[in-house]
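Protein sequences appear in the order of chains A and B.
Per my numbering, the very first residue in the first sequence carries number 6; after that it's consecutive.
Per my numbering, the very first residue in the second sequence carries number 6; after that it's consecutive.
Cβ atoms here follow ideal geometry from the backbone N, Cα and C, with glycine treated the same way.
Here the structure is laid out as C-alpha cells; the discussion comes afterwards.
Number of protein chains: 2
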Amino acid sequence: MSSSQFARFVGGDVGDWAIERTAPVRGDGLPPAARLSIVEARGREEPLGVRWALSGVAGHLRYVNAAERAILGARQEGLGRREATRAALIPIRKTAAWWDLAQDERRYIFEERSRHIRIGLEYLPSIARRLYHCRDLGEAFDFLTWFEYAPQHAAAFEELVGRLRETEEWSYTEREVDIRLRRLDPAEARED
Amino acid sequence: MSSSQFARFVGGDVGDWAIERTAPVRGDGLPPAARLSIVEARGREEPLGVRWALSGVAGHLRYVNAAERAILGARQEGLGRREATRAALIPIRKTAAWWDLAQDERRYIFEERSRHIRIGLEYLPSIARRLYHCRDLGEAFDFLTWFEYAPQHAAAFEELVGRLRETEEWSYTEREVDIRLRRLDPAEARED
Chain A
6 MSSSQFARFV GGDVGDWAIE RTAPVRGDGL PPAARLSIVE ARGREEPLGV RWALSGVAGH
66 LRYVNAAERA ILGARQEGLG RREATRAALI PIRKTAAWWD LAQDERRYIF EERSRHIRIG
126 LEYLPSIARR LYHCRDLGEA FDFLTWFEYA PQHAAAFEEL VGRLRETEEW SYTEREVDIR
186 LRRLDPAEAR ED
Chain B
6 MSSSQFARFV GGDVGDWAIE RTAPVRGDGL PPAARLSIVE ARGREEPLGV RWALSGVAGH
66 LRYVNAAERA ILGARQEGLG RREATRAALI PIRKTAAWWD LAQDERRYIF EERSRHIRIG
126 LEYLPSIARR LYHCRDLGEA FDFLTWFEYA PQHAAAFEEL VGRLRETEEW SYTEREVDIR
186 LRRLDPAEAR ED
C-alpha cells in the first residue's frame, strides 16, 4: 500500500469490539477495558472512558521482499470479512539490541532463521492481519498487529501465535500484551 | 543508535542557525525564515515567529547492512564539531511508486544501482549527516537530512548533493527543498 494508514486503537467504554481478555505476555500489561474503538484519523477527540490508546501507521513493507509480497498478495484476504468476528490486537516492543542491528541482520533473524513470513503464510487466508508501526510516534510499543478470523479458526490462531513466540525473533521482544476481541453485532454495539 | 532521537526543526525568528537560502528543488518550497531552531523534545511549545516546522525521528538503519555500518562507523564524525559552521537541511518526499516497492527492491535501487551509501562515504569525515524519518508522523515530507561541514568543504558538499540528484533513486523524489544555514556565534545568536 502506498499511502500510510493511521489508526488509533482505544480501549474504553465504547466501540464495535468487545474486549474478552487482556493478558500480559512479557513486561507490563494494560488496564482492562470493556470495548475497543478504532479511530482512523489523527488528532481526533478521544472516545468516552478511555483506559488506554495505542496509535500506529500501516505503511510500506519493512522486511518482505518482492517474491514474498507476490505470494502474500495472492493468498491473503482483507480485513472486515463478515465471518471474521474474532480479533486479536497484539502490541509489541522490541529490545534495544534488535534496533541496534543493521537491516540485513534484522531480516536474517526475521525470515531466514525465524520464518516469520512463511509461518504466517500457512494460516492464510483464514487469518487476516495488518501491521501498524508506532516506534517513530514515540509510543510505548514499536508495533501493533491486528488479526481477524472466524470462530472456527480460533485454534489455528492459537497455534500461529504459539509458533511465532518460539522463534529466535521473539527473543527480542521486551514487552507484549495479547488482547482478544469479539465483534459486536449492531444491536449489541448500541447497548451502551 | 538504539534509541529514537526526535527533533523538530523550526524556521522562524529565533535559533542558533541563520538561514541563508531556502530553495525549492522539486515541488513546493517553504516560506522564507531568518533563523532555525532545533527542538529535541516532542510536544514543546513552538518558538516565536514560526514560519514552518518539520519533525522527524533519527532511529534504526533502514537500508544499511552490517558491513556498510562498520565502514560508516569507522569513518564518520559526529554533529556539533566546532569547525562545522555550515549546514544544510534537506526535506524530501518520495513518490507513491517508491513506497509501493518491496524492501529488497528499494534497497537495490538505493545502493546497488544508485550507490547512495558509497557516494556518501567518499565525503566522510568532512560532511557529517543525520537522517530523520517523518513519514509515519503524518508530516508533509518522508525524510529530513541534516548535513554539517566546515566552510572549506562547501564545494565538496555541492558535489555530493549534485551526484545524489543524478541517481536513479532520486527520480523517485516528489518534493525536495534545500535549506542552507550558517551557525551563529554566541554574540550573533543573542542579537534578536
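Notebook entry, point to check: Helix, strand or coil: how does DSSP classify B:I95 here?
Noted result: Position 90 of the second sequence, counted from the start, is the residue given in the question as residue 95 of chain B. Strand at B:I95.
Checklist line | Counted within 10 angstroms of its Cβ, other Cβ atoms place A:A133 as buried (16 or more) or exposed | finding: Numbered from its first residue, the first sequence carries residue 133 of chain A at position 128. A:A133 comes out buried.
Check: In this structure, what does DSSP give as the bridge partners for A:P29?
Finding: Within the first sequence, numbered from 1, the residue matching residue 29 of chain A stands at position 24. Secondary-structure assignment with DSSP links A:P29 through a beta bridge to A:V182.
Next item on the list: Starting from A:G83, find everything on chain C with Cβ-Cβ shorter than 7 Å and list it in chain order.
Entry: Included in the structure are the protein chains A and B, with no chain C among them.
Check: Can you name, in chain order, every residue of its own chain whose Cβ lies under 6 Å from the Cβ of B:L59, other than the five neighbours on each side?
Finding: Looking up residue 59 of chain B in the second sequence gives position 54. The residues are F14, P96 and L149.
Next item on the list: Return helix, strand or coil for A:A101, following the three-state DSSP convention.
Entry: Translated into the one-based positions of the first sequence, residue 101 of chain A becomes position 96. Residue state for A:A101 is assigned as helix, using DSSP reduced to three classes.
Checklist line | Cβ shell of A:Q81 (< 7 Å), same chain only, five flanking positions each side left out | finding: Reading the first sequence from its first residue, position 76 is the one you call residue 81 of chain A. Answer for A:Q81: L129, P130 and A133, listed in chain order.
Notebook entry, point to check: Whose C-alpha, out of A:A89, A:T172, A:L41 and A:D105, is nearest the C-alpha of A:I184?
Noted result: For the purposes of this step, residue 184 of chain A is taken as residue 179 along the first sequence, with counting starting at 1. Nearest C-alpha to A:I184: A:L41.
Check: Is B:D21 near B:A39, with beta carbons less than 7 Å apart?
Finding: Along the second sequence, one-based indexing puts residue 21 of chain B at 16. Along the second sequence, one-based indexing puts residue 39 of chain B at 34. The Cβ atoms of B:D21 and B:A39 lie no closer than 7 Å to each other.
Next item on the list: Quick one: residues in its chain with C-beta nearer than 7 Å to the C-beta of A:E73, no 5 flanking neighbours on either side, listed in chain order?
Entry: Within the first sequence, numbered from 1, the residue matching residue 73 of chain A stands at position 68. Contacts found: I122.
Notebook entry, point to check: Just curious, the alpha helix (DSSP H) that A:E110 is in, first and last residue?
Noted result: Locating residue 110 of chain A in the first sequence gives position 105, counting from the first residue. For A:E110, the enclosing alpha helix (DSSP H) stretches over residues Q108 to R112.
Note to self: Need the endpoints of the alpha helix (DSSP H) that B:H158 sits in, please.
What the structure shows: The residue given as residue 158 of chain B occupies position 153 in the second sequence. Here B:H158 belongs to no alpha helix (DSSP H), and DSSP marks it neither H nor E.
Checklist line | B:A133 - partner residues in DSSP beta bridges | finding: Against the second sequence, residue 133 of chain B aligns to sequence position 128. For B:A133, DSSP records a beta bridge to B:E153.
Notebook entry, point to check: Can you give the beta carbon distance from A:R118 to A:E163, rounded, assuming they're within the 8 Å contact cut?
Noted result: Taking the first residue of the first sequence as position 1, residue 118 of chain A is located at position 113. Taking the first residue of the first sequence as position 1, residue 163 of chain A is located at position 158. The distance from the Cβ of A:R118 to that of A:E163 is about 23 Å, inconsistent with a contact at the 8 Å cut-off.
Item checked: Expected contact under 8 Å - CB spacing of B:D141 and B:R98 to nearest Å -> Counted from its first residue, the second sequence places residue 141 of chain B at position 136. Counted from its first residue, the second sequence places residue 98 of chain B at position 93. A Cβ-Cβ distance of about 13 Å is found for the pair B:D141 and B:R98, leaving them out of contact under the 8 Å criterion.
Margin query: Spatial neighbours of B:R31 within its chain, please: C-beta separation below 8 Å, excluding the five flanking residues on both sides.
Written below: Taking the second sequence and counting its residues from 1, the one referred to as residue 31 of chain B is at position 26. Here the set comprises T178, E179, R180 and E181.
Note to self: Which residue marks the beginning of the beta strand (DSSP E) containing A:G17, and which one marks its end?
What the structure shows: By 1-based counting over the first sequence, the position of residue 17 of chain A is 12. Under the DSSP assignment, A:G17 falls in the beta strand (DSSP E) whose first and last residues are Q10 to G17.
Check: Quick one: is A:S87 buried, meaning 16 or more other Cβ sit within 10 Å of its Cβ, or exposed?
Finding: Translated into positions along the first sequence, residue 87 of chain A becomes position 82. The sequence as given places Arg at residue 87 of chain A; Ser does not occur at that position. The Cβ neighbour count for A:R87, taken over all protein chains shown within 10 Å, is under 16; the residue is labelled exposed.
Notebook entry, point to check: Would you report the Cα separation of A:Y68 and B:V55, rounded to the nearest angstrom?
Noted result: On the first sequence, residue 68 of chain A is found 63 positions in, with the first residue counted as 1. On the second sequence, residue 55 of chain B is found 50 positions in, with the first residue counted as 1. So the two alpha carbons sit approximately 38 Å from each other.
Check: Hey, A:R168 and A:I124: beta-carbon distance below 7 Å or not?
Finding: In the first sequence, the residue the question calls residue 168 of chain A occupies position 163. In the first sequence, the residue the question calls residue 124 of chain A occupies position 119. For A:R168 and A:I124, yes; Cβs fall inside 7 Å.
Margin query: By the 7 Å beta-carbon criterion, what residues does the region 126–157 of chain A contribute toward chain B?
Written below: Against chain B - using a Cβ distance shorter than 7 Å - the residues of the region 126–157 of chain A are H138, R140, D141, L142 and G143.
Notebook entry, point to check: Along the chain, which unbroken stretches of the alpha helix (DSSP H) at least 4 residues long are found entirely within the region 52–97 of chain B?
Noted result: Those alpha helix (DSSP H) runs which fall completely within the region 52–97 of chain B and span 4+ residues are 71–80.
Check: Does the beta carbon of A:Q108 sit closer than 7 Å to a beta carbon anywhere in chain B?
Finding: What you label residue 108 of chain A is simply residue 103 of the first sequence in a count that begins at 1. In terms of beta-carbon proximity, A:Q108 lines the interface with chain B, with at least one pair separated by less than 7 Å.
Next item on the list: Taking C-beta pairs closer than 9 Å, name the residues in chain B that A:A71 reaches, listed in chain order.
Entry: Counted from its first residue, the first sequence places residue 71 of chain A at position 66. Chain B residues near A:A71: L106, A107, Q108, D109 and E110.
Next item on the list: Determine which residues of the region 52–78 of chain A have a Cβ less than 7 Å from any Cβ of chain B, and write them out in chain order.
Entry: So the list reads V62, G64, H65, L66, R67, Y68, V69, N70, A71 and R74, given in the order they occur along the chain.
Checklist line | Bounding residues of the alpha helix (DSSP H) (the contiguous stretch that carries A:L126) | finding: Mapped onto the first sequence, residue 126 of chain A falls at position 121. Secondary structure note for A:L126: its alpha helix (DSSP H) is the uninterrupted segment H121 to L126.
Next item on the list: Please go through the same chain and pick out, in chain order, the residues whose beta-carbon is closer than 7 Å to the beta-carbon of B:F115, but skip the five residues on each side of it.
Entry: Translated into the one-based positions of the second sequence, residue 115 of chain B becomes position 110. Excluding residues within five positions, the ones whose Cβ falls inside 7 Å are Y68, H121 and E174.
Next item on the list: Quick one: list the residues of chain A neighbouring B:R47, beta-carbon separation under 8 Å, in chain order.
Entry: Along the second sequence, read from residue 1 onward, the residue named residue 47 of chain B stands at position 42. Under the 8 Å cutoff, chain A gives G143.
Margin query: Quick check on B:F146: does DSSP put it in helix, strand or coil?
Written below: Taking the second sequence and counting its residues from 1, the one referred to as residue 146 of chain B is at position 141. Coil, per DSSP.
Notebook entry, point to check: Apart from the five residues on each side of it in sequence, which residues of its chain come closer than 8 Å, Cβ to Cβ, to B:R187?
Noted result: As a first step, residue 187 of chain B is located in the second sequence; it is residue number 182 there, counting from the start. Scanning its chain for C-beta atoms nearer than 8 Å, with the 5 sequence neighbours on each side dropped, one finds around B:R187 the residues W22, A23, E25, T90, R91 and A92, in chain order.
Notebook entry, point to check: Using DSSP with H/G/I as helix, E/B as strand and the rest coil, what is A:R168?
Noted result: Counting from 1 along the first sequence, the entry for residue 168 of chain A is found at position 163. DSSP, read as helix, strand or coil, puts A:R168 in helix.
Note to self: To the nearest angstrom, how far is the alpha carbon of B:R49 from that of A:A192?
What the structure shows: Your numbering for residue 49 of chain B matches position 44 in the second sequence. Your numbering for residue 192 of chain A matches position 187 in the first sequence. Between B:R49 and A:A192, the C-alpha separation is close to 44 Å.
Notebook entry, point to check: The beta strand (DSSP E) with A:L189 in it runs from where to where?
Noted result: To locate residue 189 of chain A, count along the first sequence from 1; it is residue 184. First-last for A:L189: undefined, no H or E at that position.
Check: By Cβ distance below 7 Å, which residues in the same chain neighbour B:A194 in space, the five residues on each side in sequence not counted?
Finding: The count along the second sequence starts at 1 and reaches residue 194 of chain B at position 189. Excluding residues within five positions, the ones whose Cβ falls inside 7 Å are D21.
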